[in-house]
Every structure is written in C-alpha cells, then in structure tokens.
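Working notes, beginning with the structure itself.
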Amino acid sequence: MSLQEKLEALKHETLAKIEAATDLVALNQIRVETLGKKGPITEVLRGMKDLSAEERPKVGSFANEIRDALAESLEARKEVLEINAMNEALAKERIDVTLSGKQMPIGTRHVLTQIIEEMEDIFVGMGYQVVEGYEVERDHYNFQRMNLPKDHPARDMQDTFYITDEILLRTHTSPVQARTMEKHDFSKGPLRMVSPGKVFRRDTDDATHSHQFHQIEGLVIDEKVTMGDLKGTLEVLMQQMFGADREIRLRPSYFPFTEPSVEVDVSCFKCGGQGCNVCKQTGWIEILGAGMVHPNVLEMSGIDATKYSGFAFGLGPDRIAMLRYGVNDIRDFYHNDIRFIHQFKGE
Ligand SMILES: [Zn+2]
C-alpha cells in the first residue's frame with residue numbers, strides 16, 4: 050500500500066470515528082490520536098525521507114490536505130456536540146414557570162378590626178379625629194371625670210379588674226375623651242373625636258357578654274350643639290352601617306356622664322320593621338347609648354359649660370358584627386378559631 054493509499058484509508062477511518070463520537074471527551078481523544086505527535090499522520094510524514102525527491106512534495110501536500118480536512122471535521126463535530134450538550138443541559142435544568150407554586154396562606158384582618166375601621170372611616174369623613182388611649186387607666190379618668198365619684202352606685206354597672214385601688218382596666222373608652230377634652234384648644238375649633246379600643250368588665254362570660262370587648266365612643270363639643278345634631282349624626286352612622294333605609298329612635302335612659310341620656314334603637318335591617326328573630330319581633334334593635342355631655346363632665350375638663358355643649362355616644366363593634374353577620378356567641382370573636390375567622394375575609 051502506497052503512502053497515499055494509507056493516508057486515504059486513515060482519512061476515511063478517522064472521519065467515521067469523528068462522526069460516531071457522541072461527546073466532547075471522545076472527540077478530543079480522536080484528535081489526539083490522529084493529529085498528535087505520535088499519531089499516524091506524523092508517522093507518515095516522518096517516513097517521507099525515504100521517498101524520491103519528486104514524490105516527496107506530492108505526498109507532503111496530500112498529507113497536509115488530509116490533516117486540514119480532519120482538523121476541520123473535528124472542529125465542526127465539536128461545535129455540534131457543544132450545542133447538543135448545551136441543549137441537553139437547558140432541557141434538564143429548565144424551570145417551568147407555568148407550574149403552580151406553593152400556596153402561601155394569606156391572613157385576613159379580624160372581623161372586629163374590619164368593623165372598627167369601617168366606622169372610623171365614616172367618622173373621619175365627617176371631620177372627626179380618631180384618638181386611642183390607655184387600656185390600664187386611673188380611677189380618676191375612668192370614673193371620677195365621668196361624673197362617677199367614689200361610692201357612686203352606678204359604678205356597680207361597670208365593675209372591673211383592679212390593679213390597685215386607683216389603677217384599673219378601663220371599663221369604657223371614655224377616659225380617652227376626658228384626656229382629650231382637657232387638652233383641646235377651642236380657639237382652634239370644635240372637638241370632634243371617636244375613640245375605639247378594648248374595654249373590660251367583670252361580667253360573667255356568656256353568649257352576649259365577655260370580660261373583654263370593644264367600644265367606639267364619640268364626642269362632639271362646640272357652641273350650640275344640640276340633640277338634633279346627635280340624632281342626625283347617629284342616623285348617618287346607622288344608614289352607612291346597616292343600609293340607607295334605616296331609621297333610628299331615641300328612648301330616655303340614664304348614664305352618669307350625659308344629661309339627658311338616651312338609648313338608641315335602629316329599625317331592623319333584616320325585616321325592615323315587620324318583626325323577626327333578629328329584632329325579637331319588635332322591628333327595632335337596641336344599638337347604642339348616647340346623650341348630651343353632662344355639664345359636670347365639661348367643667349371637670351376645664352370647659353365652660355355655659356358656653357359649650359356637646360353630645361357623646363358609645364357603641365360596641367362586637368354587637369354590630371354579631372347583628373350584621375348573625376353571630377350568636379360573642380365569645381366566637383375571641384376564640385381564634387381559623388374556621389370562624391376565615392368567614393370574614395373583607396375586601
Ligand atoms: Zn327584624
């Protein structure tokens with residue numbers, strides 16, 4: 050076999066190997082074996098010294114041609130294998146963004162928080178400020194400044210938890226009113242405020258009583274404030290909370306800090322006044338207490354009761370939530386049962 054024939058055979062054999070190589074390691078092995086210093090082509094070129102002077106350049110150029118062809122073929126195959134390897138890696142490591150992820154549980158504001166915020170929004174819309182205060186309060190602010198001196202019999206209606214003889218858990222949010230009144234500068238305008246928050250009574254817990262519940266109390270003090278203002282304000286509140294058709298009625302009542310005092314009923318939002326289980330067949334639902342601020346309360350806060358008058362009211366977000374959602378047991382609000390809480394997802 051001549052050198053040319055050897056080289057030709059080597060070329061075909063190597064090209065077949067290159068074509069069959071399935072990965073870059075194998076391909077590199079072929080390159081080293083064929084074109085390397087100990088490879089067959091180098092060997093052929095080494096044997097050229099035995100050729101005649103006229104054959105030598107022919108064989109030399111033929112060997113170079115074959116070497117170049119093989120190098121080119123190796124390079125082309127390398128590119129193909131590299132692309133294949135990359136595609137394979139991409140396919141293997143692909144992240145399918147269309148797969149649904151792990152669902153994170155999304156919480157919701159507590160139904161009482163929702164009710165309180167809803168009412169706050171209504172009052173802020175009428176120009177009220179929202180003021181929060183201490184849950185642990187002095188007897189002075191909780192009782193005395195609300196016209197309930199020590200040994201006043203009406204204190205029995207609001208028995209509470211005492212820290213000391215003078216410090217207690219507030220029984221209503223009224224002390225926030227007392228603290229705000231004494232600071233208010235009437236030269237800058239009337240006082241219009243609501244105070245939401247937790248309050249405490251030493252009640253026996255049952256379906257409608259809890260030792261801890263919520264209040265929103267409102268207070269407006271200005272010159273010439275009348276009961277008409279009180280009624281109009283509460284009407285707006287009830288219509289926004291229970292529907293535009295709601296009416297309210299006032300019944301005489303007694304609170305130490307207001308005079309006159311009233312109980313306020315709202316026409317039943319469920320039956321519209323026909324009588325049903327929500328309104329106990331009366332057509333009316335007892336919803337809150339209110340009245341004109343007692344002159345003693347004004348004077349104790351340093352406000353001239355001959356010049357200023359005001360109205361105050363207090364209502365329970367717990368009761369409103371019970372009515373609106375048909376909750377029968379107030380304690381459900383405080384048991385933190387997720388199944389219960391999740392029913393009130395809000396917006
Ligand atoms: Zn009814």
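Going from the sequence shown to this note's numbering is simple: count from 1 and add 49.
All residues carry an ideal CB built from backbone N, CA and C; glycine is no exception.
Since this is a predicted model, take the numbers as computed values, not measurements.
Between which two residues does the alpha helix (DSSP H) containing residue i stretch?
{"i": "G277", "result": "M276 to F291"}
{"i": "G174", "result": "V160 to G174"}
{"i": "F111", "result": "E104 to E142"}
{"i": "T63", "result": "L52 to A69"}
{"i": "L94", "result": "P89 to R95"}
{"i": "H189", "result": "D188 to N191"}
{"i": "Q226", "result": "S223 to K232"}
Is any heavy atom in ligand 1 found nearer than 8 Å to the beta carbon of residue i?
{"i": "G292", "result": "no"}
Do you know how far the Cα of residue j is from the Cα of residue i?
{"i": "S244", "j": "V146", "result": "49 Å"}
{"i": "Y177", "j": "K151", "result": "44 Å"}
{"i": "A112", "j": "L94", "result": "7 Å"}
{"i": "K87", "j": "E142", "result": "40 Å"}
{"i": "V180", "j": "P239", "result": "15 Å"}
{"i": "C320", "j": "I334", "result": "11 Å"}
{"i": "I165", "j": "M195", "result": "24 Å"}
{"i": "E82", "j": "T63", "result": "10 Å"}
{"i": "F393", "j": "E137", "result": "50 Å"}
{"i": "L299", "j": "I387", "result": "38 Å"}
{"i": "G85", "j": "L148", "result": "51 Å"}
{"i": "I79", "j": "A118", "result": "14 Å"}
{"i": "A102", "j": "G96", "result": "13 Å"}
{"i": "S302", "j": "V313", "result": "9 Å"}
{"i": "M290", "j": "M153", "result": "33 Å"}
{"i": "H263", "j": "G365", "result": "6 Å"}
{"i": "T253", "j": "E186", "result": "22 Å"}
{"i": "F192", "j": "E284", "result": "29 Å"}
{"i": "F382", "j": "K329", "result": "23 Å"}
{"i": "P202", "j": "E296", "result": "34 Å"}
{"i": "I171", "j": "P224", "result": "22 Å"}
{"i": "M242", "j": "G351", "result": "17 Å"}
{"i": "N133", "j": "I144", "result": "19 Å"}
{"i": "L197", "j": "D214", "result": "15 Å"}
How would you write the range of the beta strand (DSSP E) that residue i sits in, first residue to last?
{"i": "M341", "result": "W333 to V342"}
{"i": "P245", "result": "L240 to F249"}
{"i": "Y303", "result": "I297 to F304"}
{"i": "T307", "result": "T307 to S316"}
{"i": "I390", "result": "Looking at the DSSP string, I390 is not in any beta strand (DSSP E); the run it does join, the alpha helix (DSSP H), is I387 to I390."}
{"i": "P367", "result": "Going by the sequence as given, residue 367 is Asp instead of Pro. From DSSP, D367 is part of no beta strand (DSSP E) but of the alpha helix (DSSP H) over P366 to Y374."}
{"i": "R80", "result": "Taken as a continuous stretch (DSSP letters only), R80 belongs to no beta strand (DSSP E), being part of the alpha helix (DSSP H) at L73 to L84."}
{"i": "L268", "result": "Q261 to D271"}
{"i": "I216", "result": "I216 to L218"}
Return yes when at least one heavy atom of ligand 3 lies under 8 Å from the C-beta of residue i, else no.
{"i": "A75", "result": "This structure lacks ligand 3; the ligands present are ligand 1."}
Strictly closer than 5 Å from CB to any heavy atom of ligand 1: give me those residues in the order they appear in the chain. Going along the chain, the residues that qualify are C317, K319, C320, C325, V327 and C328.
With three or more C-beta pairs closer than 8 Å as the rule, is the stretch 304-317 touching the stretch 335-355? Flag = yes, the stretch 335-355 and the stretch 304-317 touch.
Under 8 Å, with one C-beta from each stretch per pair, do the stretch 229-241 and the stretch 125-145 reach the 3-pair mark? Under the 8 Å Cβ criterion, the stretch 229-241 does not count as touching the stretch 125-145, having fewer than three qualifying pairs.
Using 8 Å as the Cβ pair cut-off and three pairs as the minimum, do the stretch 211-220 and the stretch 245-255 touch? Yes, since at least three Cβ pairs between the stretch 211-220 and the stretch 245-255 fall closer than 8 Å, the two stretches touch.
Within 8 Å, do at least three Cβ pairs link the stretch 267-278 to the stretch 340-360? Cβ pair count under 8 Å is three or more, so yes.
How do the stretch 56-65 and the stretch 100-119 stand: do at least 3 beta-carbon pairs fall below 8 Å, yes or no? With a cut-off of 8 Å, the stretch 100-119 and the stretch 56-65 count as touching, because enough Cβ pairs lie within range.
At least 3 beta-carbon pairs within less than 8 Å: the stretch 104-111 vs the stretch 158-173: Touching, no.
Would you be able to state if there are at least three C-beta pairs under 8 Å between the stretch 314-331 and the stretch 202-212? Counting C-beta pairs with one atom in each stretch, the stretch 202-212 and the stretch 314-331 have fewer than three that are closer than 8 Å, which means they do not touch.
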